[in-house]
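The C-terminal position of the sequence shown is numbered 560 in this note's numbering, with every residue numbered one higher than the one before it.
The beta-carbon is built from N, C-alpha and C at its ideal position, and this holds for glycine as well.
Quantities reported herein were computed from a predicted structural model and do not represent experimental measurements.
Just below is one structure, and these are the notes that go with it.
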Amino acid sequence: MERLRICLVSPYALQKPLEALGHEVLALHPKPGILDIAAELARKRFAPDLLVQVETLGPRVVLTGLPALRCPRLFWSVDTHLNLFWHRHYIRLFDGALTTQPHLVEELTAQGVPAFWLPWHGLERAWKPWDSRDLGVHFIGRMTEHRPARTWMIQHLTARFNASHHADLPYADMLATYERARIAPNEAICGEINFRLFETASCGCAVVTPDTDPGLAELFAPEREMLVFSDVLELDERIGFLLRNPTKAERMARAGWERVQACHLPQHRAARLLELAAGLPARTREPGRDEEAMVLTLHTLVRDGILNLRTDMLNALLAPLEQTPAVLQARFQLAAEHLGPAAVRALAGIVLTKVGAVEPEVLCAGSMAAEFLGEHELALSLWHRRLLDMGKQDAARLPKSPDPAGLAKAWAAELTRLGHCMEPGFRFALERHTPSTAHHCLLLALKHDVRDLEATRNLEMLLGRERGTEASRLSLLSHLCLHQPRDWRLGLRLALLNLKVHRHGPGLEELCAAQAAARSQGSEDRFLRMLAGLDSSGRALKLLLAAQAAGSRELQGNKADCF
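This is the structure in C-alpha cells:
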C-alpha cells in the first residue's frame, strides 16, 4: 500500500491504527470554533495526501480554507442524527461523507456528495469471565428531563429486575463497570446505532438493544451475538430469558465480544476509511458552491447558538451569493430574526416580482418571516403567490386567506407534502426562530391555539415518522384522548406508545380503557383486529388477556369472601 500523509482533524481513535498501517499522520485537536485549515497546514509545513475530519455532538469545529487543499477530503459524521441540520451544508465542502447511521446515507447523498456508512467502533479489551462479575442488569447513562424514555426504562428495570444504574462515570470507570456487569440493556435517544452498543459488547456484556435499523444485524447477529427489543414487553422477555439461562447468556456475550475483536475495532474502521477514500470519484467544483456551503453552514450554526458571528457579517456573506433557494431562505431567516420588517419586505418584493414559479420553500420562508414580525398581509401575499404558482386545480384544495394559525397549518401541509418535515438536532424556539419545517409550522399553529385538535393530530402523525419523538407523541396523544375519550383507536395507539417507551403500568391501563370503549360501541372485534395489526407479536394481547384473567380471579375471590 502506498504510504500516505494524512491530516486527521479531531481524530479520536484513528491515529494509531493509521500509523500502524504505515502512514504518516498529522493529528490536529482544534478548539471549538472556526479553523483555517489551509493556513494551519502551511504553518505545520504539512502537505496531506488525504484530510479526514471527525465530527460528533461535542465541540463543533468548522474548517475554512478546504477548497485550497489539493487532496481528497473526507468528513466522518458520527452524530449525524443530531447534527444533520448543519452537516447537510457542511459536507458539500468535502469529496465524500461518512456516517455512523445507515438510514441517513441517502439523506447525505442527496446533498450531491458521495456518502457511505462507516459505523462507530468498539475497543480492544480482554475477556472477563462472568463468574468474576458482581452486577446483574446494569445501565450507565444520565437521566434528565430531555431523556424521559430512558428514565422510564431504568425505573422499570429497577423495579422488575433489581437493575443497578450509574448516571455518569469517567470513561475508564465506565468500561471497568461494564466489565463487572452481565446484562447491559441499551437505549437510543433517536433510535440510532450508538456508542453504548459497542462499549457494552467490547466489555463482554450480554447486550439487549432497541431494534433500531436493518444495519444493526450487519454489525451483530441477532439471537447469537445480541438480543433486540421493540417495547417494554419484549425487553422483559429478553432480560428474563438471559437471567433464567446464564450459560446461554454468557455464550451470547462471548460471541458479541468476539465479533467486536474480529470486526469492530479502530483498525477495522481505519482500513475501511482508506478503502473508501481511494475509491472517491473526482468531483467538479461548481463556481460559488463552496462559498455557499460555507456561509450556510455558518448561518445555521449561528441560528442554533453554536457559533457567535455578528449579524452584519453574516448578511454581508449572504448578499453577494447566487440567490439560490437555500440562500433566500437563510436571508429571510436572518432578516426576520435580526434585521427587521424593512429587510423582510425588501426580500419579499424581489420574490413576488420574480418571473415564473417560485420555490415553495422560499415562499414559506418569506411568509413565516413576515408572520414572525406581525406582517400578516405580507405573509398572505406570499401564500397567494404559492396558490398562483400551483394552478387552479391544485390550489382549489387549499385555504385562500387563512388567519395566522390557519396559515401556519397550510404551510405545514405543503411542507409535509414536499418532504420538509423535521430538522432533528436544531434547537428551534418560537420566540427566536422563524419556522422552516412542517414541525415548526404546527408548533406555531398550536401557539396561536393550544386547543386546536386538528393541529395536535397532524403534529402527532408527523412526529410518528421520525425516530426519537415518542415522548412528545405521548403528550400529544394523551391530549387528544382527553378530549376524545370515546375514540378507542386513539386510546389503543396511546397504549402501545406507552409500552414502547417502557411505561408498563400506564400502557396496560390505556389498553384496558381502549378495549372498554370499543366494547361499549359494539366494536370490540375491530379493536382486536387493529391490535393484531399494530402488534403482530401478540404480546400486547397476551398482556391484556392476563390482566383480564387476574381481574376475574380477584373478582371471584372477593365474592368468596362475602360468604
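Contact check, residue i vs residue j, beta carbons under 7 Å
i	j	result
His20	Leu38	no
Ala250	Cys202	yes
Ala409	Ala435	yes
Ile180	Val134	yes
Leu318	Glu289	yes
His118	Arg266	yes
Ala327	Leu293	yes
His430	Thr453	no
Gly253	Glu222	yes
Trp73	Val59	no
Cys187	His78	yes
Cys200	Leu224	no
Ala392	Leu379	no
Ser472	Leu460	no
Ala185	Thr209	yes
Ala18	Phe43	In the sequence as displayed, the identity of residue 18 is Leu instead of Ala. Against a cut-off of 7 Å, the Cβ pair of Phe43 and Leu18 comes out as no contact.
Pro396	Gly388	no
Simplified DSSP state of residue i, which is helix, strand or coil
i	result
Val348	helix
Ser161	strand
Gln545	helix
Gln50	strand
Leu1	coil
Arg70	strand
Phe113	strand
Asp309	helix
Ile180	strand
Leu15	helix
Leu385	helix
Gly30	strand
Thr453	helix
Val355	coil
Val75	coil
Ala557	Low per-residue confidence applies at Ala557: pLDDT is 45, beneath 50, and the placement is therefore not dependable enough to give any value.
Thr413	helix
Ala24	strand
Thr431	coil
Leu60	strand
Val6	strand
Leu239	helix
Leu132	strand
Lys41	helix
Cβ separation of residue i and residue j, assumed to be a contact under 8 Å, to the nearest whole Å
i	j	result
Leu491	Cys509	Between Cys509 and Leu491 the Cβ distance is about 12 Å, and since that is not below 8 Å, they are no contact.
Ala511	Arg523	Ala511 to Arg523, Cβ: 11 Å. No contact.
Trp114	Gly212	7 Å
Phe217	Pro182	In fact, because the Cβ distance is near 15 Å, the residues do not count as touching under 8 Å.
Ala339	Asp386	With 8 Å as the limit, Ala339 and Asp386 do not qualify as a contact, their Cβ atoms being about 26 Å apart.
Glu463	Pro421	7 Å
Arg70	Leu48	5 Å
Asp532	Leu474	At roughly 16 Å, the Cβ-Cβ gap does not stay under 8 Å, so Asp532 and Leu474 are not in contact.
His401	His437	First, the amino acid is wrong: residue 401 is Pro here, not His. Not confirmed; about 14 Å, so no contact.
Minimum Cβ-Cβ distance from residue i to chain C less than 7 Å
i	result
Glu467	In the displayed structure, chain C is absent; only one protein chain is listed.
### Query
Do three or more CB pairs link the segment 495 to 510 to the segment 219 to 235 at distances below 8 Å?
yes
### Query
What alpha helix (DSSP H) runs, 4 residues minimum, are completely inside the segment 459 to 539?
467 to 480, 485 to 497, 501 to 517, 521 to 531
### Message
Extract the residue ranges of the alpha helix (DSSP H) inside the segment 134 to 178, only unbroken runs of 4 or more that lie entirely within it.
### Response
145 to 158, 168 to 175
### Task
List in chain order: all unbroken alpha helix (DSSP H) runs of 4+ residues lying wholly within the segment 269 to 307.
286 to 301
### Task
Could you say if the segment 184 to 199 and the segment 241 to 261 meet the contact criterion of at least three C-beta pairs nearer than 8 Å?
yes
### Query
Should the segment 233 to 249 be called in touch with the segment 25 to 33, which here means at least 3 C-beta pairs below 8 Å?
no
### Task
Kindly provide the ranges of any beta strand (DSSP E) runs that are 3 or more residues long and lie completely inside the segment 77 to 103, ordered along the chain.
93 to 96
### Query
Along the chain, which unbroken stretches of the beta strand (DSSP E) at least 3 residues long are found entirely within the segment 204 to 230?
224 to 226
### Message
With three or more C-beta pairs closer than 8 Å as the rule, is the segment 480 to 496 touching the segment 528 to 541?
### Response
yes
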